[in-house]
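Sequential numbering of the sequence shown, starting at 1159, is according to our numbering. Glycine is no exception: its CB is placed at the ideal position from the N, C-alpha and C atoms. Data block below; observations after.
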Amino acid sequence: MFFRWSDIERVLTSKKLLGGLRITCPFSWSHLLRILCLDGPPPREFLCKILRAVPDTSQRLSLAEQYSDGKEVAVETILSQKDRLRLSNFINRFSPRSVESTRIPRTSNGAEANMHDITIIPVI
């Protein structure tokens, strides 16, 4: 089945009074993601856009950890919470040469300008 992701995004986008656009969900975010993934995972860009729209950071983090393409959003959320221990535990889940581990430092350097001074010491 072919999904038109731009149409789904347009349905979920609401306009604010001052002209801003925001993705909202009329029901549970977890239910929305479950529906979107019924016939296979959505494109990574679309999934990350939906995950970034979840207003509650703890819910966003738990949803991002459930989907393999949501790891970038999980790192951004952990950085916004300024939780170094959780970030190092999250990074240690991946093998050193995996695609995710090479993508994480790039995301953590650019995600939050005020978090550039985080030093992650791997736990051995």
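When secondary structure is reduced to three states using DSSP, K1207 falls in the helix class. Per DSSP, the beta-bridge partners of S1172 are R1180. With contacts defined by Cβ atoms closer than 7 Å, D1227 and R1202 form a contacting pair. By the neighbour-count definition (other C-beta atoms within 10 Å, threshold 16), R1168 is an exposed residue.
In terms of Cβ geometry, A1211 and I1181 form a close pair [threshold 7 Å]. For P1254, the number of other beta carbons within 10 angstroms of its own is below 16, and it is reported as exposed.
I1236 and R1251 have their C-alpha atoms roughly 15 Å apart.
S1186 sits in coil when the DSSP states are folded into three classes, being neither helix nor strand.
Non-local C-beta neighbours of A1232 in its own chain, meaning closer than 7 Å and more than five positions away in sequence, comprise L1219, A1222, E1223, F1248, ordered along the chain. Look at K1240 here: in three-state DSSP terms it is coil, with no helix or strand label.
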